[in-house]
Each structure stands twice: as structure tokens, then as C-alpha cells.
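> Under the working numbering, the residue at position 67 of the sequence shown is numbered 67, and the numbers go up by one with no gaps.
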Amino acid sequence: DDSLQAHVLKPGWKEFVQHRVLGRFRCSQCFHEWSSAKAHILFHMGRCWGQGMVRMRAFRQACRRCPNSRLEEPEFSQETMETLSHNLVLKILKYFYRLPIQPSNLLEVVVDAVVVGPHDSTRCEGCQLGIC
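1) Indicate whether the contact test is met: 3 or more Cβ pairs, each with one atom in the segment 38-56 and one in the segment 3-20, closer than 8 Å.
2) Between the Cα of R24 and the Cα atoms of V111, S121, I131 and Q5, which residue gives the shortest distance?
3) Looking only at its chain, what residues have a beta carbon closer than 6 Å to the beta carbon of C63, apart from the 5 residues adjacent to it on each side?
4) Measuring straight from C-alpha to C-alpha, what distance separates P100 and Q29?
5) Give the straight-line distance between the Cα atoms of I92 and A58, rounded to the nearest whole angstrom.
6) One question on the structure: do A6 and L129 come within less than 8 Å of each other, judged by their Cβ atoms?
7) If you scan the segment 26-60 from start to end, which runs of the beta strand (DSSP E) of 3 or more residues do you find wholly inside it?
8) Taking its Cβ as the centre, do 16 or more other Cβ atoms sit within 10 Å of T122, making it buried, or is it exposed?
9) Please report the distance separating the alpha-carbon of R98 from that of C66.
10) Could you work out which residue in Q102, E108, F96 and E72 is closest to S85 when comparing CA atoms only?
11) Evaluate R47 with the Cβ neighbour count: other Cβ atoms within 10 Å of its Cβ, from every protein chain shown; 16 or more gives buried, anything less gives exposed.
Structure, rendered in C-alpha cells:
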């Protein structure tokens, strides 16, 4: 959900940012592919009409090779998605059910690929919005 912003929450809603996730990107113009270990995901969690609701925003990156490149959505491995789901459930249990969840209960997101080169903050939506 591109309308989500960090630290801008509806009353009663909570926020969780999963930092430094391995994302894979593909340029829709030149089809260049790259990986970044600095993909970030923002979650907003709340109650709506008696039910729980989670909204999510994965921050995008632009291709280095294209001069007027678009921001591209990241893709995540199955293992990364399982880790994200685990951590999200723990945050929901902490915030809405008041279970004593410790930071050590959260799983590390494993970077399972070789990522070379520096992070290009000028082409990172998360950096531009102060998330990185």
C-alpha cells in the first residue's frame, strides 16, 4: 500500500518495520536484475470493524542502468516471507494481546545471496522517505 507512511498511524494502530530484508528487483524497462540487502517493509496493524487488519508497504528501488527508471517492487524468497510472517505474528501478539514478546523472539532475516556494491540511496524509496 503506497499510501502508508512511517510514524503516520490511525488512532489505535501500531507499526512494525522489518529492516534489511533481501529483496530481488527487476527493471521493467531494460530487464536488468539486482538484489539488495537493504529492502525494508512497513506494516501497520489495527482493528477495523471488529477484525484485525494488516496493511503493508514494501519500499521500492530504481534501476541504476536506466536514466528515467521507475521504482520497482521487490520480490522475496519463500524463506524470507515465512520469517516476515513469523515476526509479524509476534508483533500482533505483543501489541494486541499483550503477550510478553522479547526482541530475541524475532527471527533474523537471512541474506542468502551475494550482494555486491554499495547501497544506492538516491534510487531507494526507503532512503528518500527516511526508513533506511
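Backbone N, C-alpha and C define an ideal beta-carbon position, used for all residues, glycine too. Owing to the predicted nature of the structure, the values given are computational and were not obtained by experimental measurement.
From the atom records:
1) yes
2) V111
3) C27, H32 and S69
4) 47 Å
5) Those two C-alpha atoms are separated by around 19 Å.
6) yes
7) Complete beta strand (DSSP E) runs here, min 3: 33-48 and 51-58.
8) When all chains shown are included, T122 counts as exposed.
9) 47 Å
10) E108
11) Around the CB of R47, fewer than 16 other CB atoms lie within 10 Å, so the residue is classed as exposed.
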